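J.:
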Amino acid sequence: MKNEFQVSQKLNIKTQELLNPRQSRTLLFTVCLSLILRLIWILFLDPEPRLVGGDGPFYLQVGDNVARGLGLTYGNDPVGVVGPVYPAYLALLQIVFGFENVVIVARLGQALMGAILSLLVFDLGRRCIRLEVGIAAAVLLAIDLRFIVESGSVSTESLLTILLMLSIWLYVVAIERDNIRMWIFVGVSTGITTLTRGIVQLLPFIFLLHLFLLRKELRIWRAWVCLVLGFAIVVTPWIMRNWVVFGSPTIVQGGAAHFWMGSQGDGRSFRRQEMLDKIYDLRIGNGGADRYRYINDAINIIISDPIGFLSLRTARLSEAYLQPFGTVAVGVVFGNESIKDMASSNSAGSLLDTIRSPAFFPKLWIYIIHYCSIASSVLYMVVQRRKYLQWSILAIVILCFSGFYAILTIIPRYIFPIMPLYLIMASYVIVDVGYRSRKFIRPMLNRDSSDATSSTQVPRL
71 MKNEFQVSQK
81 LNIKTQELLN
91 PRQSRTLLFT
101 VCLSLILRLI
111 WILFLDPEPR
121 LVGGDGPFYL
131 QVGDNVARGL
141 GLTYGNDPVG
151 VVGPVYPAYL
161 ALLQIVFGFE
171 NVVIVARLGQ
181 ALMGAILSLL
191 VFDLGRRCIR
201 LEVGIAAAVL
211 LAIDLRFIVE
221 SGSVSTESLL
231 TILLMLSIWL
241 YVVAIERDNI
251 RMWIFVGVST
261 GITTLTRGIV
271 QLLPFIFLLH
281 LFLLRKELRI
291 WRAWVCLVLG
301 FAIVVTPWIM
311 RNWVVFGSPT
321 IVQGGAAHFW
331 MGSQGDGRSF
341 RRQEMLDKIY
351 DLRIGNGGAD
361 RYRYINDAIN
371 IIISDPIGFL
381 SLRTARLSEA
391 YLQPFGTVAV
401 GVVFGNESIK
411 DMASSNSAGS
421 LLDTIRSPAF
431 FPKLWIYIIH
441 YCSIASSVLY
451 MVVQRRKYLQ
461 WSILAIVILC
471 FSGFYAILTI
481 IPRYIFPIMP
491 LYLIMASYVI
501 VDVGYRSRKF
511 IRPMLNRDSS
521 DATSSTQVPR
531 L
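The numbering of the sequence shown is the numbering used here, which starts it at 71 and goes up by one.
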């Protein structure tokens, strides 16, 4: 696959391509379509989400406590396992619209985030690769049922995804402009994203890793120090709060527990009672939730069987990638039949029942986009390996986030926020295939047209 776009290998392209009127209309239509599809899901297909179990009731309770001035608490206990950003989002909506309206307003807000996310994905694709790729990526994200469904969930994923893409977009813009103010903005955005989910605290180091690829063009240490300064401005008050409340100067509590759970058994999270039974002997005196020998016990387990640990974590990571996020939510709305179980049956009746299931085509659409975007991204990186600076920041973020979660407990939901990066790289393949098809089809159409014209000409006497 030859790069027909003639894009410079440098990431910091100074002159951005302008949209022509047709491309502007396409982008505007895509953003509107993105919003409309999400509103259809929220208002008509899933107007009353089931908030039994899961994180929804937890976030609503914490947000309610924040709105009532009780701080970030659940019941009477302070919370440290989640950051304050999403509870603050719910609390603000509750103050403005009332507790009875917070769920619907939060979901409508997340639908708007989905439309804005399409714009972010477009500009990331345009800046890193090419304008046409950005438009294709925006279209893919607009019609991707995974993102449509998630906009209706009361959970951090929609907000986290847009904040993560915003941080990466600001980083790319900062590379192009290379001024102190932009680098501080990148740090501030990264800090806010970190206070949405703690795993993002590693993003400044991911950016530093990528900056080394550009060390001949940028003053990377000046850029990174400014980035870290902006990051520290945001997260330091939260770290101090956790230090005072829990006796631990960390951004989020519970990371060590997930590392410990991921090192044993089937490598998944324990249920509450199972967790309480297992951690009794790990207690270190009195104190907060992290006063346990999680890391020491996990290291001992890993040392006793390192091959088994690697095999376990590889299996869990593969499992998270093989099961697209969003199929469960689709099943709740359209039917909980397991298409995999029905398809595994050898009877013709089961196959027909599978196709007739209301959830079949929505789930099939999710599987197609999920698998094709990942496969196309890998193909793009292999074919365009010599122009790695175009896609390196996207790939590094994907690899690092996947790697970090691989040693913790991981489920499809955790890697969902990096899926837009796959869509961007996959869009190059789509655009390239479209160009190649047009080059192949156009001569055939011209030849057919000339044949038809010659056959209707009046012969000379």
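The beta carbon of each residue, even a glycine, is placed where N, CA and C say it ideally should be. As the structure is a computational prediction, the values presented were derived from the model and not from experiment.
(1) Determine, using beta carbons only, whether glutamine 131 and isoleucine 205 come nearer to each other than 8 angstroms.
(2) Could you give the distance in angstroms between the alpha-carbon of leucine 230 and the alpha-carbon of alanine 207?
(3) Whole angstroms is fine: what's the gap from glycine 335's alpha carbon to valine 400's?
(4) Do cysteine 470 and leucine 281 have their C-beta atoms closer together than 8 angstroms?
(5) How would you write the range of the alpha helix (DSSP H) that isoleucine 369 sits in, first residue to last?
(6) Indicate the three-state DSSP secondary structure (helix, strand or coil) for threonine 231 in the structure shown.
(7) Could you say which of Gly195, Ile494, Val224 lies nearest to glutamine 180 if we only look at CA atoms?
(8) Note down, in chain order, each residue of its chain lying with its Cβ closer than 7 angstroms to the Cβ of alanine 465, except the 5 sequence neighbours on either side.
(9) Taking only beta-carbon positions, decide if valine 322 is within less than 8 angstroms of chain C.
(10) Check the C-beta distance from glycine 405 over to proline 428 and give it rounded, since I have them as a contact under 8 angstroms.
(11) Measure the C-alpha to C-alpha separation of valine 243 and phenylalanine 486 and round it to an integer number of angstroms.
(12) Which full runs of the alpha helix (DSSP H) of 4+ residues lie inside the stretch 424-460, going along the chain?
(13) Which residues mark the beginning and the end of the alpha helix (DSSP H) in which isoleucine 51 is found?
(14) Under three-state DSSP, which class holds arginine 267?
(15) What are the start and end residues of the alpha helix (DSSP H) that includes phenylalanine 301?
(16) First and last residue of the alpha helix (DSSP H) that includes glutamate 344?
(17) So serine 221 and glycine 184 are in contact, right, with Cβ under 8 angstroms, and what is the actual spacing, rounded?
(18) Would you check if the stretch 321-330 and the stretch 361-368 touch, i.e. whether three or more CB-CB distances between them fall below 8 angstroms?
(19) Quick check: the Cα distance between proline 307 and valine 136, rounded to an integer number of angstroms?
(20) Assign serine 443 to buried or exposed, taking buried as 16 or more other Cβ atoms, counted over all protein chains shown, within 10 Å of its Cβ.
(21) Can you give me the C-alpha to C-alpha distance between phenylalanine 99 and threonine 320, rounded to a whole angstrom?
T.: Per the coordinate set shown:
(1) The residue you call residue 131 lines up with position 61 of the sequence shown. The residue you call residue 205 lines up with position 135 of the sequence shown. No, these two residues do not count as a Cβ contact at 8 angstroms.
(2) In the sequence shown, the residue the question calls residue 230 occupies position 160. In the sequence shown, the residue the question calls residue 207 occupies position 137. Across the structure, leucine 230 and alanine 207 are spaced so that their CA atoms are roughly 19 angstroms apart.
(3) Working through the sequence shown from its first residue, we reach residue 335 at position 265. Working through the sequence shown from its first residue, we reach residue 400 at position 330. As the crow flies, the alpha-carbon of glycine 335 is around 30 angstroms from that of valine 400.
(4) Position 400 of the sequence shown, counted from the start, is the residue given in the question as residue 470. Position 211 of the sequence shown, counted from the start, is the residue given in the question as residue 281. In terms of Cβ geometry, cysteine 470 and leucine 281 do not form a close pair [threshold 8 angstroms].
(5) As a working mapping, residue 369 is identified with position 299 in the sequence shown. Where isoleucine 369 is concerned, the enclosing alpha helix (DSSP H) starts and stops at 364-374.
(6) For the purposes of this step, residue 231 is identified with residue 161 of the sequence shown, where counting begins at 1. Annotated three-state conformation of threonine 231 is helix, per DSSP.
(7) For the purposes of this step, residue 180 is taken as residue 110 along the sequence shown, with counting starting at 1. For glutamine 180, the closest of Gly195, Ile494, Val224 by C-alpha to C-alpha distance is Val224.
(8) As a first step, residue 465 is located in the sequence shown; it is residue number 395 there, counting from the start. If we look at alanine 465 and ignore the five residues flanking it on each side, its Cβ neighbours are Met451.
(9) Absence of chain C from the displayed structure is noted, only one protein chain being present.
(10) Here residue 405 refers to the residue found at position 335 when the sequence shown is read from its first residue. Here residue 428 refers to the residue found at position 358 when the sequence shown is read from its first residue. Between the beta-carbon of glycine 405 and that of proline 428 there is about 5 angstroms, and that keeps the pair under the 8 angstroms contact cut.
(11) Here residue 243 refers to the residue found at position 173 when the sequence shown is read from its first residue. Here residue 486 refers to the residue found at position 416 when the sequence shown is read from its first residue. Whole-angstrom Cα-Cα distance: 24 angstroms.
(12) If we require 4 residues or more, the alpha helix (DSSP H) runs fully inside the stretch 424-460 come out as 430-453.
(13) Within the shown structure, residues of the chain are numbered from 71 to 531, placing residue 51 beyond reach of any answer.
(14) What you label residue 267 is simply residue 197 of the sequence shown in a count that begins at 1. Here DSSP, grouped into helix, strand and coil, assigns arginine 267 to coil.
(15) Sequence index remark: in the sequence shown, residue 301 carries index 231 (1-based). Phenylalanine 301 -> alpha helix (DSSP H) spans 290-316.
(16) Numbered from 1 along the sequence shown, position 274 holds the residue referred to as residue 344. That run of the alpha helix (DSSP H) goes 342-349.
(17) Residue 221 sits at position 151 when you count from the first residue of the sequence shown. Residue 184 sits at position 114 when you count from the first residue of the sequence shown. That pair is a contact at about 5 angstroms.
(18) Enough Cβ pairs lie closer than 8 angstroms, so yes.
(19) In the sequence shown, the residue the question calls residue 307 occupies position 237. In the sequence shown, the residue the question calls residue 136 occupies position 66. When rounded, the separation of the alpha-carbon atoms in proline 307 and valine 136 is 17 angstroms.
(20) Here residue 443 refers to the residue found at position 373 when the sequence shown is read from its first residue. Buried.
(21) Position 29 of the sequence shown, counted from the first residue, corresponds to residue 99. Position 250 of the sequence shown, counted from the first residue, corresponds to residue 320. Using only the alpha carbons, I get a separation of about 44 angstroms.
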